[in-house]
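Under the numbering used here, read the sequence shown as residues 325 to 453, first letter to last.
See below for the structure under consideration.
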Amino acid sequence: MPRRLISTGSPLEKTVGYSRAVIDGEFAFVAGTTGYDYTTMTMPADVTSQSRNCFKTIEAALKEGGFEMADIVRATYYVTDASTIDAHFAVCGEVLGEIRPAATLLVVSALAKPEMKVEIEVTAKRRGV
């Protein structure tokens, strides 16, 4: 299976030189995803909504590549404020509680824009049928 690039259509992807996801064989590598609501092109103020939006975007990219959320084997979370970790983890539990991928959380000083409170990247491996 050839390498395939998944795009959200954002002009930033071409400018910066990245893809929302890269499908390579049985693996999907989803780029760091922030909490934009791509239907309204807005960024919610709270980490809970941002985390949910991250997972919506990730799910859409995986689906386009022929993967499911259940295929996620690794997740990395970046949050800008340690006091929001519990709210972020609550969303992670809703979405990934049954999947339980290997995961890492880092508290970072900032993301690309000040309104960004969380960024999530995942790796998925297609499960055998």
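Ideal placement from N, C-alpha and C gives every residue a C-beta, glycine not left out.
Query, Result
"Can you look up V352 in the DSSP assignment and give me helix, strand or coil?", "The displayed chain sequence assigns Ala, not Val, to residue 352. Strand, per DSSP."
"Once DSSP output is grouped into helix, strand and coil, what is the label at K441?", "coil"
"Just to confirm before moving on: does the CB-CB distance between I423 and T357 stay below 7 Å?", "no"
"Look at the alpha carbon of P335 and the alpha carbon of G389, and state the distance between them as a whole number of angstroms.", "20 Å"
"Rounded to whole angstroms, how far is the Cβ of E337 from the Cβ of R344, which I believe are closer than 8 Å?", "7 Å"
"Between the Cα of F391 and the Cα atoms of I347, A399, M365, which residue gives the shortest distance?", "I347"
"Quick one, are the C-beta atoms of S375 and V431 less than 7 Å apart?", "no"
"Around the C-beta of T381, are 16 or more other C-beta atoms found within 10 angstroms, so that it is buried, or is it exposed?", "buried"
"Going along the chain, which residues of its own chain have a beta-carbon closer than 7 Å to the beta-carbon of H412, five neighbours each way excluded?", "V371, S375, Y401, V403, V442"
"What residue does the alpha helix (DSSP H) around I382 start on, and which one ends it?", "371–388"
"With a cut-off of 8 Å on the beta carbons, I'd call T447 and F379 a contact; round off their distance for me.", "The pair is not a contact, with the Cβ atoms about 15 Å apart (cut-off 8 Å)."
"With a threshold of 16 other CB atoms inside 10 Å of the CB of G359, please say whether the residue is buried or exposed.", "buried"
"Return the first residue and the last residue of the alpha helix (DSSP H) that V403 is part of.", "That residue, V403, is in no alpha helix (DSSP H); its beta strand (DSSP E) goes 396–403."
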